[in-house]
Amino acid sequence: NAGVTQTPKFQVLKTGQSMTLQCAQDMNHNSMYWYRQDPGMGLRLIYYSASEGTTDKGEVPNGYNVSRLNKREFSLRLESAAPSQTSVYFCASLRTVDSSEQYFGPGTRLTVT
Amino acid sequence: AQKITQTQPGMFVQEKEAVTLDCTYDTSDQSYGLFWYKQPSSGEMIFLIYQGSYDEQNATEGRYSLNFQKARKSANLVISASQLGDSAMYFCAMREALPISSGSARQLTFGSGTQLTVLP
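In the order they appear, the protein sequences are chains A and B. So the mapping is simple: the numbering used here equals the position in the first sequence, first residue as 1, plus 6. So the mapping is simple: the numbering used here equals the position in the second sequence, first residue as 1, plus 1.
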């Protein structure tokens, strides 16, 4: 049981380049989330998907787009990377809205130069 | 105003002693959940303990307990018998309702964290 997986683990981009961060969960969870963590800070919500076919903005959505490809997969796209998007990105999933645990992936460390 | 406040950027504790990490929260929801996560230097987020707003008893998980004081809006984490492996960043988080497009969802709002160092 892999839980929540993310690819890649590390990525370096140049300003203006684009990339997609992939996330998949094998727990049949309905809700999926993308967070970013900046140095010395807690996680902030970028986008979320309450269920397959729905996506919504979180606290810091600017510069990102998402796709809930199916129930398992939730991708995050940076269309034109900026240095301010240098961060660690975590994907997470939740079985039901009132579940007592949110499962996190291992994170993707992104550097934009 | 911050929704989750962790006032201790860093804490030190002697091995085998107990330590309390502070967390206060702010919400107008009646139904919410409080979480503690551990983030070691390797970077992963490890779930420790959960307390629902309607739970009357304080949550416990092994050496971790959550001191939940609803009227004071505090949810402090108590780690008993500290071990060297407990050295890590600890985050308090609150689950509350999200605006939704369809269905329903919750988000976790995180505090800024407390760096705990266990001394031998």
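We put the CB at the ideal spot given by N, CA and C, even for glycine. This one's a predicted model, so the numbers in the text were calculated from it and none came from an experiment.
Apart from the five residues just before and just after A/S37, which ones in its own chain have a Cβ nearer than 6 Å to its Cβ? Stepping through the first sequence from its first residue, residue 37 of chain A is reached at position 31. Contacts found: A56, L100.
Look up A/L75 in the DSSP assignment and say whether it is helix, strand or coil. The residue you call residue 75 of chain A lines up with position 69 of the first sequence. Residue state, collapsed to three classes: coil.
What three-state label does DSSP hand A/Y62 in the structure shown? Indexing the first sequence from 1 puts residue 62 of chain A at position 56. The sequence shown places Asp at residue 62 of chain A, not Tyr. Correct three-state label for A/D62: strand.
Which value, in whole angstroms, describes the spacing of the CA atoms of B/C93 and A/E79? In the second sequence, the residue the question calls residue 93 of chain B occupies position 92. In the first sequence, the residue the question calls residue 79 of chain A occupies position 73. For B/C93 and A/E79, the distance between alpha carbons rounds to 27 Å.
Can you list the residues of chain B that A/L51 reaches, using a CB-CB cut of under 7 Å? On the first sequence, position 45 is the one that residue 51 of chain A refers to. Within chain B, the residues near A/L51 are Q108.
Using the beta-carbon count (16 or more within 10 Å), is B/I50 buried or exposed? Position 49 of the second sequence, counted from the first residue, corresponds to residue 50 of chain B. It counts as buried.
Please report the Cβ distance between A/M109 and A/G9, rounded to the nearest whole angstrom; I am assuming they are in contact, meaning their Cβ atoms lie under 8 Å. Taking the first sequence and counting its residues from 1, one reaches residue 109 of chain A at position 103. Taking the first sequence and counting its residues from 1, one reaches residue 9 of chain A at position 3. For clarity, residue 109 of chain A is Tyr in the given sequence; the question names Met instead. 6 Å between Cβ atoms; contact.
Residues in the same chain with beta-carbon distance under 8 Å from A/S24, minus the five sequence neighbours each way, listed in chain order, please. Numbered from 1 along the first sequence, position 18 holds the residue referred to as residue 24 of chain A. Closer than 8 Å at Cβ, skipping near neighbours: R83, L84, E85, S86, A87.
Is B/G114 near B/Y91, with beta carbons less than 8 Å apart? Within the second sequence, numbered from 1, the residue matching residue 114 of chain B stands at position 113. Within the second sequence, numbered from 1, the residue matching residue 91 of chain B stands at position 90. Cβ atoms of B/G114 and B/Y91: closer than 8 Å.
Measure the CB-CB distance between B/D27 and B/K74 and report whether it falls below 8 Å. Residue 27 of chain B sits at position 26 when you count from the first residue of the second sequence. Residue 74 of chain B sits at position 73 when you count from the first residue of the second sequence. Yes, Cβ-Cβ distance for B/D27 and B/K74 is below 8 Å.
Does any residue of chain B have a CB that is nearer than 8 Å to the CB of A/V94? Position 88 of the first sequence, counting from 1, holds the residue named residue 94 of chain A. Yes, A/V94 lies at the interface with chain B (some Cβ there is under 8 Å from its Cβ).
Selected residue, minimal CA-CA separation from B/W37, among B/F111, B/P121, B/V119: The sequence position of residue 37 of chain B within the second sequence is 36, counting from 1. Closest by alpha carbon: B/F111.
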